[in-house]
Amino acid sequence: MSTTPPCDPGASGGAPGGAVPSEHALGTALPMVERIARIVSAPRGADGGRTTMADPVVSDIVVGRKYSAVQLVDGSAGVALTQHPVWSAGCCGDPDAGVAPPQAGAAFQGYIGRSSAELVENLRSPDSVTAAVALAAVNALVNRADVPLLPGDLLEYLAVRPEDIVGMVGFFGPLVRPLRSRCRHLHIFERRDEGDCLPADEAYEVLPKCDIAIITSGTITNGSIDGLLAACASCREVAMVGASTPMLPSAFADTPVTWLSGSVVADVAHTVEIVAAGGGRKEFNRYLTKGNLRAS
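Here this note's numbering is used: the first residue of the sequence shown is -19, the next is one more, and so on.
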């Protein structure tokens, strides 16, 4: 079992993942952002997806230092890691990090009163904040109370074996100790080189040697998801984890992803208020309903 201590989960700028070299692309497969945008935007009927009704209108957009949030007029909301390269504070950094620069949120106010589909289109943007707001809109549309979430901790569903090597992209504190007690070795990858975390770019070399991979869904908007999934091709289990996770199994079909572990915003008002004030997952965690879905 690994004895490597965890890295600092509160380090500012510790958004996981990294720029993806072209050789790490998923071959001819559609990029993940394209998959998600197409599925969420396409009208669907009796197959369990959205109907041909008009997309819910956006009622509020908040860009926070750690997370961004989108609220719709039907009362739903979604969140996603902001990940600005300069002023973001990771997901669980300093609780007193303060609010984001005013111009960050102002750039999106023109979308209020418009169709949520217009925001979803921005998921393809190379700008991490623009993509984060789009992913929050996706999550407002997808992560709802009627999603059949399996309750409990992700590790109740991942079949971790004593001989397993596990790769964790992004620091998930509550999972570290339980994983170390169950597996042979746990590698943790972070953008910020601190403590005993491995540099994010090493994930591309190490993940192919892992049995299980746990990946922050912040990688969907920071440009690293496709390369990371390519590196996980031989993993027995791959889980996308965190409040940014779109609970949309069809988007992960024909990828190595086996589990989605995310949440539904249960208390919209408190969550949006905390996001606006610069709070992160630790602060709004109590206002989420967390759960898991089998992806494949």
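Just so you know, even glycine gets a beta-carbon here, dropped at the ideal spot from N, CA and C.
All figures in this text were calculated on a predicted structure; none of them were measured in a lab.
Alpha-carbon spacing of residue i relative to residue j, whole angstroms
| i | j | result |
| --- | --- | --- |
| ASN265 | HIS250 | 10 Å |
| SER276 | SER230 | 9 Å |
| ALA120 | ASP133 | 22 Å |
| ILE194 | ASP35 | 32 Å |
| SER161 | ARG124 | 33 Å |
| VAL53 | GLY44 | 20 Å |
| VAL113 | GLU263 | 19 Å |
| THR110 | GLY222 | 19 Å |
| ILE19 | ALA116 | 15 Å |
| VAL252 | CYS177 | 31 Å |
| PHE152 | ILE92 | 33 Å |
| LEU61 | PRO142 | 32 Å |
| ASN9 | GLY58 | First, the residue type needs correcting, since residue 9 is Ala and not Asn in the sequence shown. Looking at the two C-alpha atoms, the distance is approximately 27 Å. |
| GLY28 | ARG15 | The pLDDT assigned to GLY28 is 44, lower than 50, so where the model puts this residue is not dependable; a value taken from the coordinates is nonetheless given after this. Their Cα atoms are separated by approximately 17 Å. |
| ALA210 | ILE145 | 17 Å |
| HIS64 | ILE205 | 17 Å |
| VAL38 | VAL248 | 14 Å |
| SER21 | LYS46 | 26 Å |
| VAL122 | ALA139 | 27 Å |
| GLY198 | SER48 | 12 Å |
| GLU98 | ASP40 | 14 Å |
| GLU3 | VAL100 | Annotation note: pLDDT 38 at GLU3 (below 50); position unreliable, coordinate value reported separately. So the alpha carbons of these two residues sit roughly 27 Å apart. |
| VAL324 | VAL42 | This structure leaves residue 324 out entirely; the chain is present only between -19 and 276. |
| GLY260 | SER224 | 12 Å |
Burial state of residue i (16 or more Cβ within 10 Å)
| i | result |
| --- | --- |
| GLU217 | buried |
| ALA17 | buried |
| LYS189 | exposed |
| PRO226 | buried |
| GLU185 | exposed |
| ASP234 | exposed |
| GLY(-6) | With a pLDDT of 35 at GLY(-6), under the threshold of 50, the modelled position of that residue is not reliable, and the figure given next carries that caveat. Flag for GLY(-6) reads buried. |
| ALA256 | buried |
| ARG94 | exposed |
| ALA183 | buried |
| GLU170 | buried |
| GLY25 | Per-residue confidence for GLY25 stands at a pLDDT of 49, beneath the threshold of 50, marking its modelled position as unreliable; no derived number is given. |
| ALA86 | exposed |
| GLY147 | buried |
| ALA213 | exposed |
| GLY55 | exposed |
DSSP beta-bridge partners of residue i
| i | result |
| --- | --- |
| MET220 | ILE195, LEU240 |
| HIS165 | ILE145 |
| GLU170 | PRO179 |
| GLN51 | ASP40, ALA57 |
| VAL245 | LEU268 |
| LEU129 | Beta-bridge pairing links LEU129 to no other residue. |
| ARG274 | TRP239 |
| SER214 | The partner list for SER214 (beta bridge, DSSP) is empty, contrary to what the question assumes. |
| SER95 | VAL37 |
Nearest residue (CA-CA) to residue i, options the options
| i | options | result |
| --- | --- | --- |
| GLN89 | GLN51, VAL122, ALA22, SER214 | GLN51 |
| PRO131 | VAL118, GLU143, SER243 | SER243 |
| LEU268 | ALA246, VAL13, GLY260, LEU129 | ALA246 |
| LEU135 | PRO128, LEU129, PRO158 | PRO158 |
| LEU187 | THR201, SER204, LEU208, GLY198 | LEU208 |
| MET12 | GLY203, PRO154, GLN63 | GLY203 |
| ASP181 | GLY150, SER197, THR201, VAL156 | GLY150 |
| THR201 | VAL118, VAL122, LEU155, VAL140 | VAL118 |
| TYR137 | GLU98, VAL122, LEU155 | LEU155 |
| LEU129 | ILE254, GLY259, ARG261, LEU228 | LEU228 |
So, does the stretch 104 to 121 touch the stretch 158 to 171, judging by three or more C-beta pairs under 8 Å?
no
Stretch pair the stretch 227 to 239 + the stretch 254 to 273: three plus CB contacts closer than 8 Å
Yes, the stretch 227 to 239 is in contact with the stretch 254 to 273.
Does the stretch 178 to 198 come within contact of the stretch 218 to 225, defined as at least 3 CB pairs closer than 8 Å?
Yes: at least three Cβ pairs fall under 8 Å.
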